[in-house]
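K.L.:
Protein chains in written order, with the numbering used here: chain A, 1 to 290; chain B, 291 to 596. By construction, the Cβ of each residue, glycine as well, lies at the ideal position given by its N, Cα and C atoms.
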């Protein structure tokens, strides 16, 4: 049996190695800094806002940049910086939870399908094919047509199109791993299916899933904020970056700053997660490189 | 390739049935009476009853599905709520603008993307390579709704070169097409760069250089041909993604295509049109993915599907 302290030491050393290599990976380091920054913003944003993000101030409508309002105010006189800070919790929070939900559901699906094999596996992979036959954004839009808009529906809808991709990815790793000798040994020693899947298969297939989940986070952020931009996601007056941009488009000719602030913020967030994902892929799993 | 064609078509059948089932159940999952949904809000009781009979809505679900397929084959998707026209003709009226937009976008993305990729690969690790790589990842990371607004602000509001709202005209299509192209362009550029770099490391490239061929000729005649095979696949896949990307870009520019129609129909709860559009988008996606596979089999002699 594995000595738990030795195992912990080994994985601990490995993790440190990954971080060190990621920091040396130029664009990976930028991605790490950006995405960590946005995570901190999502956690602390609402605590450090200078103004109430939904409080109107009709004496200062669309005021430009000033010492009082660093990014100006919008068409209701609301402080744009405060709205971006509070919006981080919605935009980043939705993006992360939707990615995680898709990875967990798809991952379990792939684990089960790959381990079960045979007819069940074949049927479940046909279902994956059907899910992949719908363009991602369209699945999300169709679902929200049924449920109505809101934070919950956006998370659910943006997670859904990741599910078949994660299922396929995990299944492929499971198929490659389950023929190896240590699985056969575990099975021969009388380990239950649950134990084999979660104690032996899962640790060996999880690395590519995590790398891919990081890569996916950028795309999910784009879809989730896109849904809010289309008016199908987070509803006003809640400050979400996509819906802020949609409001701002109406005032583009007279107040472009209203659009630039949330637009640049989303771009930086997506860029951060994309660079981090690329970096992690290069460092952890060079075989995934295209 | 010819041997592969029927099998690839056959492979698409289960997926096609799945897509039809999903779209069929979509309307059943909506709150309210499906007959009322198809007939439209202004229909009277006898018209609703007529629709119920035509669509077999008083029968068991499998029979309803058979009716649905029959109606579909006749091009009958119900009546649009908004103007009482058949949903099929409403959708058909917005089909061509989206087709032109996606073709313009994919052509721009493929041409500029491959050129940028070749440029970056030939000047590897130079400032040009870095610049192209940075632009490519920015193209992938910038949300299309923000990029569209940026283009709109720069070229329509400030420079007044192009119209602020889009349309299927030579000037009206430029900004929507470039916006739609950006993400695919970035992906194609990165992909052609790495594909070309990989091929440039192959033995036959070194042999060609060693026997005295000029670098440009080696790249043009030997390396590029092989490097572009995977690029073609990725371009096809990106074309599929463009279709759903068009929903956002068309909304930003008020461009009267299928994506714009989808958002308008959702706002109006025009379910027959929404359902028809879901079917059209998924069928297009299915056909494009199939075409990509076939094209791949046709151009790469190493691929044998047996």
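Following the continuous alpha helix (DSSP H) through residue 265 (chain A), name the residue where it begins and the one where it ends.
P.N.:
Here residue 265 (chain A) corresponds to residue number 265 of the first chain, with the count starting at 1. Note, residue 265 (chain A): alpha helix (DSSP H), 257-284.
K.L.:
Flag residue 534 (chain B) as yes if its beta-carbon sits less than 8 Å from any beta-carbon of chain A, otherwise no.
P.N.:
Against the second chain, residue 534 (chain B) aligns to sequence position 244. Interface residue, yes.
K.L.:
Would you list the residues sitting across from residue 369 (chain B) in a DSSP beta bridge?
P.N.:
For the purposes of this step, residue 369 (chain B) is identified with residue 79 of the second chain, where counting begins at 1. DSSP, once it has assigned bridges, lists B:376 as partnering residue 369 (chain B).
K.L.:
Buried or exposed for residue 501 (chain B), going by 16 or more other Cβ atoms inside 10 Å?
P.N.:
The residue labelled residue 501 (chain B) in the question sits at position 211 within the second chain. Residue 501 (chain B) is exposed by the Cβ-count criterion.
K.L.:
Using the rule of at least 16 other Cβ atoms within 10 Å of the residue's Cβ for burial, across every protein chain shown, is residue 507 (chain B) buried or exposed?
P.N.:
Position 217 of the second chain, counted from the first residue, corresponds to residue 507 (chain B). So residue 507 (chain B) counts as exposed.
K.L.:
Roughly how many angstroms separate the alpha carbons of residue 478 (chain B) and residue 391 (chain B), rounded to a whole number?
P.N.:
Taking the first residue of the second chain as position 1, residue 478 (chain B) is located at position 188. Taking the first residue of the second chain as position 1, residue 391 (chain B) is located at position 101. Cα to Cα, the separation comes out at about 18 Å.
K.L.:
Please state the DSSP three-state secondary structure of residue 79 (chain A).
P.N.:
Mapped onto the first chain, residue 79 (chain A) falls at position 79. DSSP places residue 79 (chain A) in strand when its eight states are reduced to three.
K.L.:
Are residue 381 (chain B) and residue 567 (chain B) closer than 8 Å when you measure CB to CB?
P.N.:
Mapped onto the second chain, residue 381 (chain B) falls at position 91. Mapped onto the second chain, residue 567 (chain B) falls at position 277. A contact, by the Cβ cut-off of 8 Å.
K.L.:
With respect to the alpha helix (DSSP H) encompassing residue 33 (chain A), which residues constitute its N-terminal and C-terminal limits?
P.N.:
One-based indexing of the first chain puts residue 33 (chain A) at position 33. Per DSSP, residue 33 (chain A) belongs to the alpha helix (DSSP H) from 26-44.
K.L.:
If you drop the 5 nearest sequence neighbours on each side, which residues of the same chain put their C-beta closer than 6 Å to that of residue 456 (chain B)?
P.N.:
Here residue 456 (chain B) corresponds to residue number 166 of the second chain, with the count starting at 1. Closer than 6 Å at Cβ, skipping near neighbours: 462, 466, 543 and 545.
K.L.:
Any beta carbon from chain B within less than 8 Å of residue 225 (chain A)'s own beta carbon?
P.N.:
In the first chain, residue 225 (chain A) corresponds to position 225, counting from 1. Chain B contact via Cβ: present.
K.L.:
Just grab the DSSP bridge partners of residue 73 (chain A) for me.
P.N.:
Start at 1 with the first residue of the first chain, and residue 73 (chain A) comes out as number 73. According to the DSSP secondary-structure assignment, residue 73 (chain A) is paired through a beta bridge with A:79.
K.L.:
How would you call residue 432 (chain B), buried or exposed, if buried means at least 16 neighbouring beta carbons within 10 angstroms?
P.N.:
Within the second chain, residue 432 (chain B) is the residue found at index 142, counting from 1. Label assigned to residue 432 (chain B): buried.
K.L.:
Could you give the residue range of the alpha helix (DSSP H) that holds residue 337 (chain B)?
P.N.:
As a working mapping, residue 337 (chain B) is identified with position 47 in the second chain. 335-344 is the extent of the alpha helix (DSSP H) around residue 337 (chain B).
K.L.:
What does residue 319 (chain B) reach in chain A if we use C-beta pairs closer than 8 Å?
P.N.:
In the second chain, residue 319 (chain B) corresponds to position 29, counting from 1. The contacting residues are 146.
K.L.:
Does residue 156 (chain A) come out as helix, strand or coil in the three-state DSSP assignment?
P.N.:
On the first chain, position 156 is the one that residue 156 (chain A) refers to. Residue state, collapsed to three classes: helix.
K.L.:
Identify whether residue 496 (chain B) lies in helix, strand or coil by the three-state DSSP scheme.
P.N.:
For the purposes of this step, residue 496 (chain B) is taken as residue 206 along the second chain, with counting starting at 1. In the structure shown, residue 496 (chain B) sits in a helix (DSSP, three-state: H, G or I).
K.L.:
Whole angstroms is fine: what's the gap from residue 166 (chain A)'s alpha carbon to residue 107 (chain A)'s?
P.N.:
Looking up residue 166 (chain A) in the first chain gives position 166. Looking up residue 107 (chain A) in the first chain gives position 107. Straight-line Cα distance between these residues: approximately 6 Å.
K.L.:
Between the C-alpha atoms of residue 273 (chain A) and residue 218 (chain A), what's the straight-line distance to the nearest angstrom?
P.N.:
For the purposes of this step, residue 273 (chain A) is taken as the residue at position 273 of the first chain. For the purposes of this step, residue 218 (chain A) is taken as the residue at position 218 of the first chain. The straight-line gap from Cα to Cα measures roughly 5 Å.
K.L.:
Short of 7 Å in beta carbon distance, which residues of its chain neighbour residue 298 (chain B), apart from the five on each side in sequence? Order them along the chain.
P.N.:
Mapped onto the second chain, residue 298 (chain B) falls at position 8. 580, 583 and 584.
K.L.:
Taking C-beta pairs closer than 8 Å, name the residues in chain A that residue 428 (chain B) reaches, listed in chain order.
P.N.:
Counted from its first residue, the second chain places residue 428 (chain B) at position 138. Residues of chain A passing the Cβ test: 267 and 271.
K.L.:
Ordered along the chain, which non-local residues of its own chain (more than five positions away) have a Cβ less than 6 Å from that of residue 153 (chain A)?
P.N.:
Start at 1 with the first residue of the first chain, and residue 153 (chain A) comes out as number 153. Hits under 6 Å: 144 and 147.
K.L.:
I need the straight-line Cα distance from residue 183 (chain A) to residue 244 (chain A), nearest angstrom please.
P.N.:
In the first chain, the residue the question calls residue 183 (chain A) occupies position 183. In the first chain, the residue the question calls residue 244 (chain A) occupies position 244. Each residue's alpha carbon lies about 52 Å from the other.
K.L.:
Taking the alpha helix (DSSP H) that residue 557 (chain B) falls in, what are its first and last residues?
P.N.:
The residue given as residue 557 (chain B) occupies position 267 in the second chain. Element bounds for residue 557 (chain B): 548-557.
K.L.:
Under a three-way DSSP split, which group does residue 544 (chain B) fall into?
P.N.:
Numbered from its first residue, the second chain carries residue 544 (chain B) at position 254. Reduced to three states, the DSSP call for residue 544 (chain B) is coil.
K.L.:
Strictly under 8 Å for the Cβ-Cβ distance: is residue 291 (chain A) near chain B by that measure?
P.N.:
Because residue 291 (chain A) is not part of the residues shown, which for chain A are 1 to 290, the question remains open.
K.L.:
Going along the chain, which residues of its own chain have a beta-carbon closer than 6 Å to the beta-carbon of residue 60 (chain A), five neighbours each way excluded?
P.N.:
Indexing the first chain from 1 puts residue 60 (chain A) at position 60. Hits under 6 Å: 73 and 77.
K.L.:
Short of 8 Å in beta carbon distance, which residues of its chain neighbour residue 302 (chain B), apart from the five on each side in sequence? Order them along the chain.
P.N.:
Residue 302 (chain B) sits at position 12 when you count from the first residue of the second chain. Answer for residue 302 (chain B): 576 and 580, listed in chain order.
K.L.:
So is residue 239 (chain A) in contact with chain D if we call contact Cβ pairs under 8 Å?
P.N.:
The chain inventory of the structure shown lacks chain D, comprising the protein chains A and B.
K.L.:
Compare the Cα-Cα distances from residue 84 (chain A) to each of A:105, A:50, A:191 and A:114 and report the closest residue.
P.N.:
Walking along the first chain from the start, residue 84 (chain A) turns up at place 84. Of A:105, A:50, A:191 and A:114, the residue nearest in Cα terms is A:50.
K.L.:
Within the same chain, show all residues whose beta-carbon is closer than 8 Å to that of residue 499 (chain B), passing over the 5 residues directly before and after it, in chain order.
P.N.:
Within the second chain, numbered from 1, the residue matching residue 499 (chain B) stands at position 209. Same-chain partners within the cutoff: 505 and 508.
K.L.:
Please return the same chain residues whose Cβ sits closer than 8 Å to the Cβ of residue 589 (chain B), not counting the five positions on each side in sequence.
P.N.:
On the second chain, position 299 is the one that residue 589 (chain B) refers to. For residue 589 (chain B), where only same-chain residues beyond five positions count, the Cβ hits under 8 Å are 519 and 522.
K.L.:
For residue 338 (chain B) and residue 350 (chain B), which I take to be in contact (beta-carbon distance under 8 Å), what is that distance rounded to the nearest angstrom?
P.N.:
Residue mapping note: residue 338 (chain B) aligns to position 48 of the second chain, counting from 1. Residue mapping note: residue 350 (chain B) aligns to position 60 of the second chain, counting from 1. Residue 338 (chain B) to residue 350 (chain B), Cβ: 20 Å. No contact.
K.L.:
Start and end of the alpha helix (DSSP H) containing residue 574 (chain B)?
P.N.:
As a working note, residue 574 (chain B) is residue 284 in the second chain. Residues 561-589.
K.L.:
Secondary structure at residue 477 (chain B), three-state DSSP: helix, strand or coil?
P.N.:
For the purposes of this step, residue 477 (chain B) is identified with residue 187 of the second chain, where counting begins at 1. Reduced to three states, the DSSP call for residue 477 (chain B) is helix.
K.L.:
Per the contact definition of three or more C-beta pairs closer than 8 Å, is the region 111-122 of chain A in contact with the region 165-179 of chain A?
P.N.:
yes
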